[in-house]
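In what follows, a structure is listed as structure tokens, so that the remarks can point back to it.
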Amino acid sequence: MNATMLRQLWSTVEETQTQTLRSLDDTSLVEQLLENLQQKRPLAGDDLEELASYIRSHLILIRELAEGRVRSMA
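This note's numbering numbers the first residue of the sequence shown as 1 and each following residue consecutively.
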């Protein structure tokens with residue numbers, strides 16, 4: 001996975017609605033983020049699996065970022 005893909009992933013996380021990040025179960029959230037990424041840039045099978053694994057390993061951080069958004073709005 002290269003730096004461009006990582007930037008696009010984190011940009012996608014930032015663009016995704018807070019409620020979506022907070023409400024979807026883990027599997028659905030991984031799928032949603034991958035779908036959003038693929039709308040920006042077609043991804044090969046290997047890239048998809050690598051990104052899915054990366055997202056799964058960072059789900060806690062992704063959800064904490066979403067919670068931080070909620071707290072900053074309050």
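We treat Cβ as the ideally placed atom computed from N, Cα and C, and that holds for glycine.
Along the chain, where does the alpha helix (DSSP H) that runs through residue i open and close?
{"i": "A44", "result": "No alpha helix (DSSP H) contains A44, which DSSP labels as neither H nor E."}
{"i": "M5", "result": "3 to 15"}
{"i": "A66", "result": "59 to 73"}
Ignore the nearest five residues each way along the sequence and tell me which others in residue i's own chain have a CB closer than 8 Å to its CB.
{"i": "L75", "result": "Residue 75 is absent from the model: the chain starts at 1 and stops at 74."}
Leaving out five residues before and five after residue i in sequence, what residues of the same chain have Cβ atoms less than 7 Å from its Cβ?
{"i": "A52", "result": "V30, L34"}
Is it the case that the Cβ atoms of residue i and residue j are separated by a distance below 8 Å?
{"i": "R69", "j": "T16", "result": "no"}
{"i": "L59", "j": "D26", "result": "yes"}
{"i": "M1", "j": "E49", "result": "no"}
{"i": "D47", "j": "M5", "result": "yes"}
{"i": "Q8", "j": "R56", "result": "no"}
Secondary structure at residue i, three-state DSSP: helix, strand or coil?
{"i": "D109", "result": "This structure cannot speak to residue 109, because the chain is shown only from 1 to 74."}
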